[in-house]
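Notes follow once the structure below has been shown.
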């Protein structure tokens, strides 16, 4: 089945530094990837939709200059948390959808990465 | 935009009993409804999904029902086991390409041995 690799799984950084998280689709191409933030015991909050070769679409309230998204290839999207602060500490998860459309099969199936736990000191 | 509501937020059942989680959605254009299971500290995993052209789908102990008229869909787990304990999320997706997925708030299921 489809596999999405997310790296790093855990990262600790100092306040004011930037952190990059990678999301890779390993065995399929993904023109669209999604980035979520998840607080403890809460649901997945969609931050932005990453579109290959074009600008990401950010959800209302998400600062695009704070959370930089780059989707340079069909298998890689990156999320960079710039000038991180303690309130940015969270669990960030990506997901990807196989771009190959096959009617009434797995065309819409989302596959999630394992998540990245960011702690900003 | 789409609004997905999920109930209950927490659910405890005795091992062997059934568990039901319900979701409602607002946009009649939604046509794909997956359910995800997330164990503590792990990624959400798709456990079952249903499309709008089907009213019910079953996979062993798990079933999903969809009522398009009422705009609600439900997850049914029968003969629950301790390993079913996790957080379950429903989602709704609009359009053939499903470029937008809207998630419910999650249900924390605990199966008591």
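Residue numbers (my numbering), protein chains in the order written: chain A, 345 to 465; chain B, 112 to 224. Yeah, the Cβ is synthetic: ideal placement off N, Cα and C, and Gly gets one too. Just so it is clear, the structure is predicted and the values come from calculations on it, not from any experiment.
TODO: Return the first residue and the last residue of the beta strand (DSSP E) that residue 136 of chain B is part of.
DONE: Translated into the one-based positions of the second chain, residue 136 of chain B becomes position 25. No beta strand (DSSP E) contains residue 136 of chain B, which DSSP labels as neither H nor E.
Task: Contacting residues, own chain, Cβ-Cβ under 6 Å from residue 170 of chain B (five flanking each side not counted) - done: Counted from its first residue, the second chain places residue 170 of chain B at position 59. Taken in chain order, the residues that qualify are 159.
Task: residue 387 of chain A: contacting residues in chain B (beta-carbon distance under 7 Å) - done: Reading the first chain from its first residue, position 43 is the one you call residue 387 of chain A. Neighbours of residue 387 of chain A on chain B, chain order: 200, 214, 215, 216 and 217.
Task: Identified DSSP bridge partners for residue 395 of chain A - done: The residue you call residue 395 of chain A lines up with position 51 of the first chain. The partner list for residue 395 of chain A (beta bridge, DSSP) reads A/376.
Task: Listed by chain order, chain B residues near residue 378 of chain A by CB distance under 8 Å - done: Taking the first chain and counting its residues from 1, the one referred to as residue 378 of chain A is at position 34. By Cβ distance, chain B contributes 212.
Open item on the list: Please tell me whether residue 220 of chain B has its Cβ less than 8 Å away from any Cβ of chain A.
Closed with: To locate residue 220 of chain B, count along the second chain from 1; it is residue 109. Output row for residue 220 of chain B: interface = no.
Task: Beta-carbon gap between residue 196 of chain B and residue 180 of chain B smaller than 8 Å - done: Here residue 196 of chain B corresponds to residue number 85 of the second chain, with the count starting at 1. Here residue 180 of chain B corresponds to residue number 69 of the second chain, with the count starting at 1. It is not a contact, given that the beta carbons lie outside the stated cut-off.
Task: Exposure of residue 224 of chain B, with buried meaning 16 or more beta-carbon neighbours within 10 Å - done: Within the second chain, the letter at position 113 stands for residue 224 of chain B. Within 10 angstroms of the beta-carbon of residue 224 of chain B lie fewer than 16 other beta-carbons, which makes it exposed.
- [ ] Report the neighbours of residue 157 of chain B on chain A: residues whose CB is nearer than 8 Å to its CB, in chain order.
- [x] Locating residue 157 of chain B in the second chain gives position 46, where the first residue counts as 1. What residue 157 of chain B touches in chain A: 453, 454 and 455.
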